[in-house]
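S.K.: In the working numbering, the protein residues as written are 71 to 208.
Cβ atoms here follow ideal geometry from the backbone N, Cα and C, with glycine treated the same way.
Treat the numbers as computed from the prediction; the structure is a model and nothing was measured.
Pasting a structure below so you can have a look.
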Ligand SMILES: [Fe+2]
Ligand SMILES: [Fe+2]
């Protein structure tokens with residue numbers, strides 16, 4: 071992938087990470103039901119991971135000579151309140167993130183080891199998020 075295209079792709083991912091962090095924190099704040107407190111704690115931890123991903127992406131974008139975006143991907147800001155809704159929304163969003171980072175991982179191969187390993191690390195986190203949400207669902 072050409073460098074400018076890679077910067078654009080990483081910025082799109084960054085805007086999504088911003089939205090993911092906001093979404094998890096909002097869901098943690100509004101969740102109701104018998105397990106609300108425990109689940110909210112976990113959602114906040116996932117939000118911290120999403121913030122870490124955003125920070126990692128900012129570093130990589132800057133290293134490539136780009137400017138990190140401050141945009142928030144609005145499509146990812148889906149409201150939910152009950153445990154069932156929250157798990158459904160976030161499972162779908164994590165699946166989207168996994169697909170995105172898989173395709174970025176392939177493209178990153180030409181851009182050097184640090185970018186590749188960063189994307190690989192983020193991808194693994196997203197897979198763990200998905201696994202954990204699946205476990206909460208049962
Ligand atoms: Fe993320
Ligand atoms: Fe995630």
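Determine the extent of the alpha helix (DSSP H) in which residue 177 is found, giving its start and end residues.
M.R.: First-last of the alpha helix (DSSP H) with residue 177: 153–178.
S.K.: Quick check on residue 164: buried or exposed, where buried means 16 or more other Cβ atoms within 10 Å of its Cβ?
M.R.: Under this definition residue 164 is a buried residue.
S.K.: Please state the DSSP three-state secondary structure of residue 96.
M.R.: Residue 96 falls in the helix class under three-state DSSP.
S.K.: From the DSSP output, in three-state form, read off residue 137 for me.
M.R.: Coil, per DSSP.
S.K.: Which residues end up in the neighbourhood of ligand 1 when you take C-beta atoms closer than 7 Å to any of its heavy atoms?
M.R.: Every residue passing the under-7 Å Cβ criterion appears here: 87, 90, 119, 120, 123, 167, 192, 195 and 196.
S.K.: Of the choices 115, 192, 182 and 79, whose alpha-carbon is the least far from that of residue 96?
M.R.: Checking every option, the nearest Cα to that of residue 96 belongs to 115.
S.K.: Our contact map puts residue 77 next to residue 134 with C-beta atoms below 8 Å; I'd like the distance itself, whole angstroms only.
M.R.: The pair is a contact, with the Cβ atoms about 5 Å apart (cut-off 8 Å).
S.K.: Would you check if there are 3 or more beta carbon pairs closer than 8 Å linking the segment 120–128 to the segment 83–103?
M.R.: They touch, by the three-pair rule.
S.K.: Measure the alpha-carbon distance for residue 177 versus residue 166 and round it to whole angstroms.
M.R.: One C-alpha to the other measures close to 17 Å.
S.K.: Looking at residue 164 and ligand 2, is the gap between the Cβ and the nearest heavy atom below 6 Å?
M.R.: It does: the Cβ of residue 164 is within 6 Å (strictly closer) of some heavy atom of ligand 2.
S.K.: Going by CA-CA distance only, name the one from 120, 101 and 99 that's closest to residue 199.
M.R.: Comparing Cα positions, the closest option is 120.
S.K.: If we count the other Cβ atoms within 10 Å of its Cβ and call it buried at 16 or more, is residue 139 buried or exposed?
M.R.: So residue 139 counts as buried.
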